[in-house]
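Trainee: If you're matching positions, the sequence shown starts at 13 in the numbering used here and goes up one per residue.
Positions of the beta carbon are idealized from the N, C-alpha and C atoms, including for glycine.
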Amino acid sequence: MENQKLEQCFYLEHLINIQELEKKIIEYFSKEQKLLLDHFRHANIVSRKADECGYFANIKTDPARPKIQVNGFTNSLNLCLNGVVIGGAMIYIENGLLSMIECYSWDDNDIFIKLLSDTNKKVYL
13 MENQKLEQCF
23 YLEHLINIQE
33 LEKKIIEYFS
43 KEQKLLLDHF
53 RHANIVSRKA
63 DECGYFANIK
73 TDPARPKIQV
83 NGFTNSLNLC
93 LNGVVIGGAM
103 IYIENGLLSM
113 IECYSWDDND
123 IFIKLLSDTN
133 KKVYL
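(1) Would you kindly check if the distance between the Cβ of glutamate 32 and the Cβ of alanine 69 is under 8 Å?
(2) Taking DSSP as the reference, what is the three-state secondary structure of serine 129?
(3) Tell me where the beta strand (DSSP E) around isoleucine 103 begins and ends.
(4) Roughly how many whole angstroms lie between the Cα atoms of phenylalanine 85 and leucine 48?
(5) Can the beta-carbon of tyrosine 40 be found less than 8 Å from the beta-carbon of leucine 109?
(6) Looking at aspartate 63: is its Cβ nearer than 8 Å to the Cβ of isoleucine 103?
(7) Measuring alpha carbon to alpha carbon, tell me which of Met112, Lys79 and Cys92 ends up nearest cysteine 21.
(8) Under the rule that 16 or more other beta-carbon atoms within 10 Å means buried, what is histidine 26, buried or exposed?
(9) Going by DSSP, which residues form a beta bridge with aspartate 63?
(10) Since asparagine 56 and lysine 72 are thought to touch, with beta carbons under 8 Å apart, how far apart are those beta carbons, to the nearest angstrom?
(11) Give the DSSP-derived three-state secondary structure of leucine 33 in the structure shown.
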């Protein structure tokens, strides 16, 4: 947890669905890795899973996209709910391509289940 900064906190209260969360996480991390947004726009979500401990999305990025020069997990972005840090979010780069978005909760929390169940709600961005 040493590499987490409290000023890097994303607030979950007003999210409509899991797609909005995914987009916001990618936008955040694309500040450091400019190719992430391009990867996300040229990717398919292969699977999504949520439970009380967190959420993850497996992503298949077009292999023709330019490669990111790092591999592995990024640093974590703190996730906040009602003013409290409840967990974090990170992305995974595999072979230079966006491969996964992961969110976790330190205590049992149903926010990710709720956001995933609301995937049919329209996101206005």
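Mentor: According to the structure shown:
(1) no
(2) helix
(3) 96-106
(4) 13 Å
(5) no
(6) no
(7) Cys92
(8) exposed
(9) Gly66
(10) 5 Å
(11) helix
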